[in-house]
Amino acid sequence: MGMVFFNGIPLGKASNLEQMRKELIDKRRKGKFPKSMSISYLEDRDELHITLDNGRILRPLIVVKDGKPLLTEKHKQKLIEGTITWQELIDEGIIELLDADEEDNAYVAISEEELTEEHTHLELDPAMILGIEASLLPFPEMNRGDRLNYGSRMVVQASGIYLKNYLIRDDTAAQLLVYPELPMVYTQTEEYTGLNKHPSGQNLVIALISYEGYNIEDALIINKASIERGLGRSYFLRTYVAEARRYWGGQEDIIGFPEEGVYGIRPEKAYTKLSEEGIINVEEYADTDDVLVSRISPIRFIGIQEEIRMGISNKKDNSITVRKGEEGIVEKVILTENDNGDKIIKTTVREYKIPEIGDKFATRHGQKGVIGMIVPEEDMPFTESGITPDIILNPHAIPSRMTVGQLMEILAGKIGALVGERIDATAFKGKEEEIREMLINLGFKEGPREVMYDGKTGRKFKVRIFIGIGYYLRLYHLVSHKMHARARGKVTLLTKQPTEGRSREGGLRFGEMEKDCLIAHGAALTLKERFSSDRYEFYICNECGLICYENKRKGRVECPLCKGSDVEKTEMSYAFKLLLDELMSMMIYPKIKVTRKVVI
Amino acid sequence: MAKVRGEKGANIKELLPKKYQDLKGKELEKALERYEKMRYDYGEAIGVVAAQSISEPATQITLRAYHAAGRVQLVTTQGLPRLIEIFDARREPKTPSMKIYLDERYATDEEKAKEIASKIKETKLKDLLLEERLDLGEMVIELVIDKDKISLLNLTMEQISNAITKTTHNVEIKIEDNILFVRPTSKSIDIKDLQTLRVRLREKHVKGIKGITQILLENVNGEWVISTLGSNLRKVLEINGVDKRRTYTNNIHEVASVLGIEAARNLIVKEALETMRSQGVDTDVRHLMLVADMMCFSGEVKAIGRYGVAGSKSSVLARANFEETIKHLTRAAYRGEEDKLTSIVENVIIGNVVPVGTGTVKVKYKG
């Protein structure tokens, strides 16, 4: 006797659940139950679960009876003719939808050849065992598993045409590849995901050589002429949002030019690109820190009457400017309003990103790298027929990672380009022999390697070079968005320590563990220097041990407690002073005793 | 001869290891020179260096304990969990285990070794039971004993009965062939009491040494060695035939209480080093020796961490910087503690030169 559950709620007890499961499934196939109903039997707990709730992912499989799939040649013919639909196949119980629970009861054959009496289902296609991202990778069965993982992760980061309606969208940040190409070596999934309508990469001529060491550690060498012809160029779009809010008490943000003397006003030059309304014009070039939308906000919540009475200006410049380190041309300006009726101005700035040293590229095999050098075409190696590669990949990237699929793709890409057709590289198609034959037919008897010449000296290389066509993705990690350094600069108000993060021109933190390293080296003075970003001079009362202030009127330093001026000048970190202040705010009296300063 | 710094009046040559005692002339000079070279300089941060030298290789140890499937072995905690256990000075290791060596009379003879092994392994009453029944009418627990097992362990029914009565009061035991009839003598007794008594009886210690749950007899280089799971050093050392010099446990606190703090300190060094080496990483012993010294110098084994070494630093700021900031600051305020700023962390906090390395040198202007 085992329990029967419906949507996780116990219905009651029944015996011979396995038999019951089979009968229920039979009925479902005949159409007496919804097709999305899952019936599963947990053997270890002797429980039957019937589920019909939302959120289960169902997956289609061909039903197998007595070792024979129900989907016959007839059906396939009809499908091609178009006289039968997918829904009809499901309705007839030829194709079944299983959820994760029911899958545990199924015995699924991957291909028709391996079917036995015991099998209950058959995969529609062997490649169906992969998810969407993984099935976008060519020749996945020839790569190590982790490479597929990396590869599918990077396919997602590739810039292409992410959605076809990008022109009317206002994403905060988006990247568009200028000349996306269909991959020479493709998978069938492409068609079903729509990626063949808006691809996200380019077919490049790849040579596997070293070049003066500028492609060590996975760096890439790129042909300058290729970049000039448009390789990897992309547009970066960023949308800035300005809201003109209305505040309590009748105050509101004003879109318009600030008058002279308003708090926080920027140099006049920053406002020159704006139209009369205080909003930038479309197709106007905007540099870093240029104002896109000029906005004036109230500082404090004092009413208009008080403002007049007290005679203080209650205005501050709160304009939207182009981010630090970014520039571009204004793509579009959208004027709209939100639910409260407040004005919203969205400006999209478009920046043309030409590949430069440090930009990240990757193939679909987890082989990523940044540009290490951009070489003029005349210095690039060339083949007998005068072909220069677009990208020079270091051969060391291959052996330890065992991405045979990468080599196969380059090879298949080369064949595809020579024959003039795209090559299908969907998983488990076993195309190896076919490709080999095509290669031989094209005259490459010893593989795809070719004689090449050094571009600088014109000398022939002693070995033949592996050269072909591979699909490269431009990933959205660009140096221009990441490069950052600082010697000195902004500090935070509270602690007087350097700010954090690139967008705030922040410093790079010298952390706890780095501190330990300097200590281990005995570099005490270097350590002091590192940690002296918030160095501050204090006077400390010898009597009370408190930090003193300068009384400018009396022209002396005074203790806040005893008003005496028996003080000692010391140096310490401002953060420590802050700690002492906070202790004092909690009624703890920290006392500093200063001994005579020792000169180091 | 090279000038060698050392304790006043100490002959450096004597400090050298035994195998270098016969060195003469140039060789001796070279050895002493090397000895001098290898010494730490004044002001070197040996603590930080030790910490880094242990923790860097430790990052390479995988967290997962490794064991070969299907082999006869006692599975003990290994790798990073064990290393953490050692430095945390846990009262009881996750898998306490012993290596019991036997003296010459027993070591080579398998039969005699087995005899000792059977004396050591703890047998509980539940290990001997075939069946247990409750007679609710008579209020009697019937325990059916496995005869084969007790003959294997050289036990009699009387001995088992005695083992029970020794620690359980108010029970009467009748023996009938291989069944023990246990009857509680107290007057008011209900079924619940009988049940709890039954559970208690199951755990009764019958034979062997308490705590030693598993035993494995191995022949190592022609000598029989007993490996155990569970540890009870004091009791094992009392057994005749056990080699008291070599017998070994991995329970540091037990060693500290039985053999003394020096032994515990050596055990920390040995266990930590062996744990690291078994995982394929290595470090110099002296780093571990320093850590072990820090853990033991107060006379008892202290953990590295909040409740041990780091928690007993003299500086308030250093303690507050590590963990439980609020606790240390409030306590310091309550007690009126003073921080002399003698160590590293507190000087980093206030932004002074740390008294380490080049910071140890101070020059006073005499003027």
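Listed in order, the protein sequences are those of chains A and B.
Under numbering that gives the first Met the number 0, the residues of the first sequence are numbered 0 to 599, in order.
Under numbering that gives the first Met the number 0, the residues of the second sequence are numbered 0 to 366, in order.
C-beta atoms are modelled at their ideal positions from N, C-alpha and C, and glycine is treated no differently.
Have a look at the DSSP bridge pairing and note the partners of A:F256. BP columns for A:F256 are empty, so no partner.
Cβ closer than 8 angstroms: which chain B residues qualify as neighbours of A:M571? I349, G350, N351
Can you tell me the Cα-Cα spacing of A:G383 and A:Q156, whole angstroms? For the record, residue 383 of chain A in the displayed sequence is Glu; it is not Gly. If I take the Cα positions, the gap works out to 36 angstroms.
Among B:I159, B:T155, B:I140, which has the Cα closest to the Cα of B:L193? B:I140
Relative to the alpha-carbon of A:T287, which residue among A:I215, A:N195, A:G324 has its alpha-carbon at the smallest distance? A:G324
Please confirm whether B:I343 has its beta-carbon closer than 8 angstroms to some beta-carbon of chain A. yes
Throw me the rounded Cβ distance for the A:V332 and A:I279 pair, which I believe falls under 8 angstroms. 7 angstroms
Just list the alpha helix (DSSP H) runs in the segment 354–429 of chain A, keeping only unbroken ones of 4 residues or longer that don't cross its boundaries, in chain order. 403–418
Give the residues of chain A in contact with B:T357, contact being defined as C-beta atoms less than 8 angstroms apart. G521, A522, A523, L524
At 7 angstroms on the CB atoms, spell out the chain A contacts of B:A57, in chain order. Here the premise fails: no neighbours, minimum Cβ distance about 14 angstroms.
Checking 8 angstroms against the spacing of the C-beta atoms, do A:V348 and A:G327 come in under that value? yes
Hey, is B:Q51's beta-carbon within less than 8 angstroms of any beta-carbon in chain A? yes
If we call anything under 8 angstroms between Cβ atoms a contact, is B:A263 one with B:A255? yes
Start and end residues, alpha helix (DSSP H) containing B:C295: 284–295
Could you pull the start and end residues of the alpha helix (DSSP H) that A:C516 belongs to? 511–520
Along the segment 37–48 of chain B, where does the CB come closer than 7 angstroms to a CB of chain C? Name the residues. Going by chain labels, chain C is absent from the structure shown, which instead holds the protein chains A and B.
Are the beta-carbon atoms belonging to B:A374 and B:V355 less than 8 angstroms from one another? Beyond the ends of chain B as shown, which are 0 and 366, falls residue 374 of chain B; an answer cannot be given.
The segment 79–94 of chain B touching the segment 319–327 of chain B, judged by at least three CB pairs closer than 8 angstroms: no
Would the segment 447–457 of chain A count as touching the segment 217–227 of chain A if we require 3 or more Cβ pairs under 8 angstroms? no
I'd like to know if B:A332 contacts chain A, where contact means its C-beta is closer than 8 angstroms to some C-beta of that chain. yes
Can A:G231 and A:P380 be called in contact, C-beta distance under 8 angstroms? no
What is the rounded straight-line gap between the Cα of B:K125 and the Cα of B:D147? 15 angstroms
When the Cα atoms are used, what is the spatial distance from A:C547 to B:A332? 22 angstroms
Using the beta-carbon count (16 or more within 10 Å), is B:V352 buried or exposed? buried
Which of helix, strand or coil DSSP assigns to B:V360: coil
Hey, does A:K514 have any beta-carbon neighbour from chain B nearer than 8 angstroms? yes
Give the range of the alpha helix (DSSP H) segment to which A:W85 is assigned. 85–90
I'd like to know whether the C-beta atoms of A:I422 and A:M183 end up nearer to each other than 8 angstroms. yes
If you draw a straight line from the alpha carbon of B:E253 to that of B:V224, how long is it in whole angstroms? 21 angstroms
Of the listed residues B:P80, B:G24, B:L128, B:A57, nearest to B:G279 (C-alpha basis): B:A57
Neighbour list for A:K568 in chain B, Cβ cutoff strictly below 9 angstroms: Per Cβ cutoff of 9 angstroms: no residues; A:K568 is ~15 angstroms from chain B at best.
Contact defined as beta carbons within less than 8 angstroms: I believe A:K345 pairs with A:V240. What is the distance between those atoms, to the nearest angstrom? 5 angstroms
Are B:D145 and B:L128 touching if we call contact CB-CB under 8 angstroms? yes
Alpha carbon to alpha carbon, how far is A:E189 from A:L135? 7 angstroms
Would you kindly work out how many angstroms separate the C-alpha atoms of B:Q34 and B:G24, rounded to a whole number? Per the sequence shown, residue 34 of chain B should be read as Tyr rather than Gln. Each residue's alpha carbon lies about 15 angstroms from the other.
List, from N- to C-terminal side, the beta strand (DSSP E) runs of 3 residues or more that fit wholly inside the segment 193–241 of chain B. 204–206, 213–219, 222–228
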